[in-house]
Amino acid sequence: MNYWLVKSEPAAYSWADFTRDGGTDWTGVRNYQARNFLRQMQPGDLVLYYHSVSDKQVVGLAEVAAPAAPDATAPAGTDWVAVRLTPREALPTPVTLARIKQDERLSQVALLRQSRLSVMPLRPAEFDVLLELGAG
DNA sequence: GCCAACGTTGGC
DNA sequence: GCCAACGTTGGC
2 MNYWLVKSEP
12 AAYSWADFTR
22 DGGTDWTGVR
32 NYQARNFLRQ
42 MQPGDLVLYY
52 HSVSDKQVVG
62 LAEVAAPAAP
72 DATAPAGTDW
82 VAVRLTPREA
92 LPTPVTLARI
102 KQDERLSQVA
112 LLRQSRLSVM
122 PLRPAEFDVL
132 LELGAG
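If you're matching positions, the first sequence starts at 2 in this note's numbering and goes up one per residue.
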C-alpha cells in the first residue's frame, strides 16, 4: 500500500466535481516525474486530494481504482498515462497549506519542497499526520 | 499582479 | 551539448 497526493486547481476540476462524477480518470499529467509516480500507483493506494491556487488545502481522500493506462487525452504516439481515482471521503477539516508548513512532521513533504509537482508520493507517517489533521 | 521555480524549446 | 528565451505553475 502506497500513499500519494494529487493536486488540482478547483477552477479546473474540484473535489466537488470529482465526487459528483463518482471518480475520474486522472488525465492531463504532462510531466515525466509525475507520470512515473502515476505508473507506480496500485489499486487500493490512498490518495489525498489537494486544491491548489485558489484554495491551497487538502480537501479529501481518494483511492486508486485502476492502475496506469494510456491517457486518452494525450496525442497519439506519446506515452502519457492516467489512473482511475474514486472518492472516499471529504476531510472533516481541510488541511491548509499554512497548517502543513507549520507542522514539523510535514517539513519534508514534496508539496513544500517541489511546489510545481502535481502528483507526488507521501511517506506513510506524513499521510497519517495529514489524515489526523484533517479529522479535525 | 508579481515573481520564483523549473521544465521545454530552439538557435548555435 | 550548451544555454538563453520562453511558458507554466502556483504561492504570495
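Where a beta carbon is used, it is the ideal one built from N, C-alpha and C, also for glycine.
Check your understanding: What residues match up with residue 57 in a beta bridge as DSSP calls it?
Key -> Beta-bridge analysis with DSSP links residue 57 to no other residue.
Practice item. Using 6 Å as the cut-off, classify the Cβ of residue 85 as near or not near the heavy atoms of the ligand MN, replying yes or no. Key: Absence of the ligand MN is noted for the structure shown, with no ligands found whatsoever.
Practice item. Using only alpha-carbon positions, find the residue among 8, 49, 117, 4 that is nearest to residue 89. Key: Looking at the Cα atoms, 49 is the closest of the given residues.
Point to revise | Residue from 120, 14, 92 with nearest C-alpha to residue 129 | key: Closest by alpha carbon: 92.
Review point. Between which two residues does the alpha helix (DSSP H) containing residue 20 stretch?
Key: Its alpha helix (DSSP H) spans residues 16-22.
Exercise for review: Would you mind working out which of 13, 16, 34, 19 sits nearest residue 115, comparing C-alpha positions?
Suggested key: The shortest Cα separation from residue 115 among 13, 16, 34, 19 belongs to 34.
**Study point:** Residue range of the unbroken beta strand (DSSP E) whose run includes residue 123
**Key:** Looking at the DSSP string, the run of the beta strand (DSSP E) that includes residue 123 is 120-123.
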